[in-house]
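Take 8 as the starting number for the sequence shown in our numbering and just add one per residue. Here a beta-carbon is modelled for each residue, glycine too, at the ideal position from N, C-alpha and C.
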Amino acid sequence: MSEVLKIKLKKISKLNLISILQLDVKPEQRNLVASNVKSIAEAHFNKDAWFRAIYSDNDPIGFVMISDSSLKYKSNPNHQPSYFLWRFMIDARYQGKGYGKEAIKLVINHVKSRPKAEELLLSHSKSDGNAGDFYKKFGFEYTGKVIDDELVMSLKL
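This is the structure we're talking about:
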């Protein structure tokens, strides 16, 4: 793709909420990632949730949510934060065009900017069509651990 993709992460507000809730993955991927409705609801009840809409220019194309324990324990200077890519989705209309690749780079750079960031973890389904190969391209490696029947991967920062 010769075109330079202009991807950015934006806060979700009442102005863009509906458009983010309407984003969806391909039907065969719906068992692999929670809906944005569920994710945003969970985020509002977790002090460690950091979540953003993924935009290409002015178009919402995806959603990302990280568990960032430094948000929850910011008053404890001895806390060693953990960072976990909790949710990541690109709308079906934008998949396979390089948007996910550029968005995950922004996510990784965001985590690198966080306090004491040494590692970014994630987990994915064991089902066919999972994103394991996608994440390997960025240096994520399998840890051998399983959480809630999902395979855990780690990226050393």
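Asked	Found
May I ask you to report which of helix, strand or coil DSSP gives Pro122?	coil
Do Ile68 and Tyr106 have their C-beta atoms closer together than 7 Å?	yes
Among the candidates Asp156, Lys45 and Ile61, whose CA atom is the shortest distance from the CA of Ile111?	Ile61
Under three-state DSSP, which class holds Ser132?	strand
Give the secondary structure of Pro34 by DSSP, where H, G and I count as helix, E and B as strand, and everything else as coil.	helix
Ser132 and Glu157 - do their beta-carbons sit closer together than 7 Å?	yes
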